[in-house]
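*Asks:* Once you know that position 181 of the sequence shown is 938 in the numbering used here, the rest is easy, because the numbers rise by one and skip nothing.
Every residue, glycine too, gets a C-beta built ideally from N, C-alpha and C.
Take a look at this one; I'll ask things after.
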Amino acid sequence: MHQRFHQRNLLTLPFAMAAIASAWAQDGQLTIQRHADPSYVTLNAEALPGGRNHALWFSEDMQHWYPAASAQGSSLEYLDQGGVDERFFALRSQLPAEVEPSEDWKDQVTLDEDPFWVSFKATDQDPFLGPPTDEKETAWIKFSILMEDLSRVYFQNGKALPFHYDFGTRYLPRLKDLSYLEFDAGTLYRSGQKAILGSVFYSSKHQEYAIQFVGQDALPAETVAFLYHLVDASIVKPEPLTQLKGFYMPTYEQSHLDPRALHTLQQADISLASPLRWESPGDAVYAFGWAMGRLTYVHADQIDQAYRDGELKATDILLTDAVPAEVPRVAGLITFSPTTPNSHVAILSRNFGIPFYHESHPVTQAELQQSVGGTLMLRTTEGWGINRS
758 MHQRFHQRNL LTLPFAMAAI ASAWAQDGQL TIQRHADPSY VTLNAEALPG GRNHALWFSE
818 DMQHWYPAAS AQGSSLEYLD QGGVDERFFA LRSQLPAEVE PSEDWKDQVT LDEDPFWVSF
878 KATDQDPFLG PPTDEKETAW IKFSILMEDL SRVYFQNGKA LPFHYDFGTR YLPRLKDLSY
938 LEFDAGTLYR SGQKAILGSV FYSSKHQEYA IQFVGQDALP AETVAFLYHL VDASIVKPEP
998 LTQLKGFYMP TYEQSHLDPR ALHTLQQADI SLASPLRWES PGDAVYAFGW AMGRLTYVHA
1058 DQIDQAYRDG ELKATDILLT DAVPAEVPRV AGLITFSPTT PNSHVAILSR NFGIPFYHES
1118 HPVTQAELQQ SVGGTLMLRT TEGWGINRS
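Put into structure tokens, the structure is as follows:
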């Protein structure tokens, strides 16, 4: 049995001193080149063995490790701009993952014409259609990246397998046959993470696309930059789309970026965008249905706790400032911040007929907040509306 995960060497980089300048592994060399700015260093790995994928990982506490770069060839170069007092690096060698060939996945997708694109149409019938026939619709393709093989992106056929869970537990090593809880633990949290999940979005109307990563724990900007360019390199842009602009569209959990993180993304030539960029003025419906229940406001960070404490019930209509990656089952959902139509919450809401929409108008937002605690009837469809009592 082949060993798939092998840590080859470890470097400690105290930027205030130059005590360690290089490290040797049995089958390669990792060296450090310091810059005039002491917060910048370049790491070079050479003479790497063939037949394996190689990934450079970093940590600031020796407990939590994140990928920063990968290579399939015999060399790897990485410019670190962390600007922190101390950072640790490890070079890991991995065998390529063995994934069963299938028409349900591929490692490259094409903008605009790819049959994997899925979109949510503003109709009560057959919401899953693709490729999009209306240029006003935003389309998406979900993907997975294995932590044991950081050189390849697995794009899934969302019409056959709409959820990351459906695809991962059927095809991906170390995710096969996991329960829902086990899958979430192995993909949404940094401890014991087996894969990183995400989506590519495409707006034909705006001639733009965006990349998004899903997770309850925030990814460091260096990892976001690495993963963004890995996914971007797997997107084929045919004429006349070769110069199309791409964006990073963070989820709620990934959106709290400090100035250092913003600088890192800027240096990596990554522009940020939110779903508002493509949303027409007004409200956005993510799932059709109707519900009547108590209107309950809960801040996005407190939804799970409120549900556990009984302050938010399954019979309530949830009003919130933003939608996290996971929301417990409720009767209806209204958010003051836009989300994406491919989110786990949006797809589940459509499957169960739970009304879910983004309220954008300040006057209506204020009216809803004043109605918290009262009974609300919500209907999302053509001619949809809200009745309060």
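#1: For Thr-1137, report the span of its beta strand (DSSP E) as first-last.
#2: Between the region 856-875 and the region 914-930, do at least 3 Cβ pairs fall closer than 8 Å?
#3: Taking DSSP as the reference, what is the three-state secondary structure of Leu-833?
#4: Assign Lys-899 to one of two classes, buried (16 or more other C-beta atoms within 10 Å of its C-beta) or exposed (fewer than that).
#5: Pop quiz: Ala-1044 and Ile-1091 are said to be a contact at Cβ under 8 Å. What is the actual Cβ separation, rounded to whole angstroms?
#6: Roughly how many whole angstroms lie between the Cα atoms of Val-1164 and Ser-901?
#7: Under the DSSP definition of a beta bridge, which residues are partnered with His-1153?
#8: Would Pro-997 be called buried (16 or more neighbouring beta carbons within 10 Å of its own) or exposed?
#9: Could you give the DSSP three-state label for Ala-828: helix, strand or coil?
#10: Could you check whether the region 1104-1123 touches the region 1050-1061, counting it as contact only if at least three pairs of C-beta atoms, one from each stretch, sit closer than 8 Å?
#11: So which of Trp-874, Gln-820, Leu-907 has the shortest CA-CA distance to Ala-854?
#12: Only counting the same chain, and skipping five residues up and downstream in sequence, which positions put a Cβ closer than 7 Å to that of His-821?
#13: Would you call the region 1064-1076 and the region 1004-1023 touching, i.e. three or more CB-CB distances under 8 Å?
#14: For Tyr-1114, is the classification buried or exposed, using 16 other Cβ atoms within 10 angstroms of its Cβ as the cut-off for buried?
#15: For the ligand MN, is there any heavy atom lying closer than 7 Å to the beta carbon of Val-1102?
#16: So what does DSSP say about Glu-870, is it helix, strand or coil?
#17: On the DSSP bridge list, what partners appear for Asp-906?
#18: Between Glu-817, Asn-801, Arg-809, Val-1129, which has its C-alpha nearest Tyr-835's C-alpha?
#19: Take Ser-796 as the anchor and find which of Arg-1136, Asp-1066, Thr-1021, Glu-1083 has the nearest alpha-carbon.
#20: Determine the direct distance from the alpha carbon of Ile-789 to that of Ser-734, and round the result to whole angstroms.
#21: Using the Cα positions of Val-993 and Ala-1082, report the straight-line distance between them to the nearest angstrom.
#22: Ignoring anything shorter than 3 residues, give me the beta strand (DSSP E) runs that lie fully in the region 785-816, in order along the chain.
#23: Can you tell me whether Leu-929 is buried or exposed, with buried defined as 16 or more other CB within 10 angstroms of its CB?
#24: What is the DSSP secondary structure of Ser-859, reduced to helix, strand or coil?
#25: Given that a residue counts as buried once 16 or more other Cβ atoms are within 10 Å of its Cβ, and exposed if not, what is Ala-804?
#26: Please identify the residue among His-963, Glu-979, Ser-961, Ile-953 whose C-alpha is closest to the C-alpha of Lys-969.
#27: Look up Gly-1050 in the DSSP assignment and say whether it is helix, strand or coil.
#28: For the putative contact between Phe-815 and Glu-979, defined by C-beta atoms under 8 Å, what is the C-beta separation to the nearest angstrom?
#29: Mapping DSSP to helix, strand and coil, what is Glu-1010?
#30: Exposed or buried, which one is Gln-1011 when buried takes at least 16 other CB atoms within 10 Å?
#31: The alpha helix (DSSP H) with Leu-987 in it runs from where to where?
#32: Looking only at DSSP bridge pairs, what is Lys-1002 linked to?
#33: Beta carbon of Asn-810, beta carbon of Gln-786: below 8 Å?
#34: Assign Val-1055 to one of two classes, buried (16 or more other C-beta atoms within 10 Å of its C-beta) or exposed (fewer than that).
#35: Could you spell out the range, first to last residue, of the alpha helix (DSSP H) harbouring Ala-1018?
#36: Count the other C-beta atoms from every protein chain shown that fall within 10 angstroms of the C-beta of Trp-874, then say buried if there are 16 or more, exposed otherwise.
*Replies:* To lay it out plainly:
#1: Thr-1137 -> beta strand (DSSP E) spans 1132-1137.
#2: yes
#3: strand
#4: buried
#5: About 11 Å; that fails the 8 Å criterion.
#6: There is simply no residue 1164 to check, as the chain begins at 758 and stops at 1146 in what is shown.
#7: This structure gives no information on residue 1153, because the portion of the chain shown stretches from 758 to 1146.
#8: exposed
#9: strand
#10: no
#11: Leu-907 is the residue among Trp-874, Gln-820, Leu-907 whose C-alpha sits nearest the C-alpha of Ala-854.
#12: Arg-947
#13: Short answer: they don't touch.
#14: buried
#15: Looking for the ligand MN in the displayed structure turns up nothing, as the structure carries no ligands at all.
#16: Correct three-state label for Glu-870: coil.
#17: Leu-903
#18: Just measuring C-alpha positions, the residue of Glu-817, Asn-801, Arg-809, Val-1129 sitting nearest Tyr-835 is Asn-801.
#19: Cα-wise, what sits closest to Ser-796 is Thr-1021.
#20: Given a span of 758 to 1146 for the chain in the structure shown, any question on residue 734 remains unanswerable.
#21: When rounded, the distance between both Cα atoms is 28 Å.
#22: 785-791, 798-803, 810-816, all fully within the region 785-816.
#23: buried
#24: coil
#25: exposed
#26: The sequence given here has Gln at residue 969, not Lys. The residue with the shortest Cα to Cα distance from Gln-969 is Ile-953.
#27: In the structure shown, Gly-1050 sits in a strand (DSSP, three-state: E or B).
#28: 7 Å
#29: Of the three classes helix, strand and coil, the one that applies to Glu-1010 here is coil, per DSSP.
#30: buried
#31: 978-989
#32: Glu-965
#33: no
#34: buried
#35: 1016-1024
#36: buried
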